[in-house]
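Data first, discussion second: the structure below is written as structure tokens.
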Amino acid sequence: MKTLYLSDRQEDILKAAEILQNDGIAAIPTETVYGLAGNALKGSCVKKIFEAKGRPSDNPLIVHISDISQWAPLVKAIPENAMALAEKYWPGPLTMILPKSDIIPDEICGGLDTVAVRMPRSETARAIINACGFPLAAPSANTSGKPSPTTAQHVKADLDGRVNAIVDGGECSVGIESTVISLAGDVPRLLRPGGITPQMLNEVLGETEIDDAVYNKLADGAVAASPGMKYKHYSPEAKVIIIKGSFEGYKGYIEQNAGQGDVALCFEEEVNALPLKCITYGRRDDPSSQAKHIFDALRQVDKEKAKTVFARFPEKEGIGLAVFNRLVRAAGFNIIEL
Ligand code: AMP
Ligand code: MG
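Heads up, the sequence shown is in this note's numbering, so the first residue is 55 and it goes up one at a time.
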């Protein structure tokens, strides 16, 4: 198919909505990453999203709404703690999982009886949902397994000719996918860290359990609470090794071990102090800037055709936990502690 390239101006927002109303699929900007959107209430549209991405059918999609009134019809009930989170953090990078209602097509949930819902902060995303008049299923608009897209160019590189349209809304402001929390069990459980940090969740909930898959590799044969966590993810072609230790230690390790064509994935302040090609992912003590740049940096690594990438270890504080979570997956949990 021929992909139509659109801007985020009003007339193009209406064009994107028309494509979606005619059962097409379109990549749209959100504040987290670009999403590949289709009508969430039609199984046939949802299937097209899975096909375009090459996504395993048991990895469920997030449903995006533009107004809180669109939430109740999608779920069995909205508990008090979920409503309190929505009031505080929506629109924003928080996805909540609850038992699903019957209008949610099975294709979205990958066989689960729950549905994930989020109201994006991006005005363009909400304007498109509004103009459609129905909620949009939208996973990240990348080829499955690749780093998530934070610009329209990233989407084009993966999905040109596979989607009906791509709406360019510039660079995503958060740069990392939403926080995913399940409120379907007895205790709230963080399944994926993101822009809404555990501390922010606890302000409303008092306490949140953090799923083991946030930090660690899933054991062979274990069932993932969030199916997305079991797949190899965010990976460049190169082998990524994370080096945990001081900058001096990191530099020493590189001096001893790096060969030709290897790359350092480091912080902006460190570029001139290292003896090899450097690709940066944000500033050293600024996890928000690291979140914003990590996926673009992983894509640049591929362009360099690097063999081995030596990555700096991010602090796990605040949104840094999300940066850590994505980077360890990109590295296949390959961490060297100095
Ligand atoms: P993406 O939209 O590509 O950022 O991926 C959505 C993430 O949310 C994946 O990790 C999914 O496994 C997770 N997810 C979506 N729906 C559910 C659900 N009903 N239960 C558990 N995890 C979910
Ligand atoms: Mg994704």
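Every residue, glycine too, gets a C-beta built ideally from N, C-alpha and C.
Remember, it's a predicted structure, so these values are computed and weren't measured experimentally.
Unbroken beta strand (DSSP E) stretches of 3 residues or longer found wholly inside the stretch 101-161: 116-118, 148-153, given in chain order.
Closer than 6 Å to some heavy atom of the ligand AMP: that describes the Cβ of V234.
Between A292 and E134, the alpha-carbon positions lie close to 46 Å from each other. Buried is the label assigned to S236, since at least 16 other Cβ atoms lie within 10 Å of its Cβ.
For T178, same chain residues with a beta-carbon under 6 Å away, outside a window of 5 residues either side, are D62, P83, G223 in chain order. Relative to the Cα of I264, the nearest Cα in the group I230, P242, V277 belongs to P242.
Between the beta-carbon of A384 and that of V317 there is about 13 Å, and that puts the pair past the 8 Å contact cut. Exclusion of the five residues before and after G282 leaves N113 as the residues of its chain whose Cβ lies within less than 6 Å of its Cβ. By the 16-neighbour rule on beta-carbons within 10 angstroms, M173 is buried.
With a beta-carbon spacing of about 4 Å, A195 and Y88 fall inside the 8 Å limit used to define contacts. Every residue whose Cβ sits closer than 7 Å to any heavy atom of the ligand MG is listed here in chain order: P193, S194, N196, S202, E231, G282.
Under the three-state reduction of DSSP output, A360 falls in the coil class, being neither helix nor strand. The stretch 112-132 makes no contact with the stretch 242-262: fewer than 3 CB pairs, one atom from each, lie closer than 8 Å. The C-beta distance from G229 to I348 rounds to 7 Å, short enough to fall under 8 Å. Two segments are said to touch when three or more pairs of C-beta atoms, one from each, lie closer than 8 Å; by this definition the stretch 209-225 does not touch the stretch 321-341.
Of all C-beta pairs linking the stretch 162-170 to the stretch 143-153, three or more are shorter than 8 Å, placing the two stretches in contact. Excluding its 5 nearest sequence neighbours in each direction, K331 has C-beta neighbours in its own chain below 6 Å: V317, listed in chain order.
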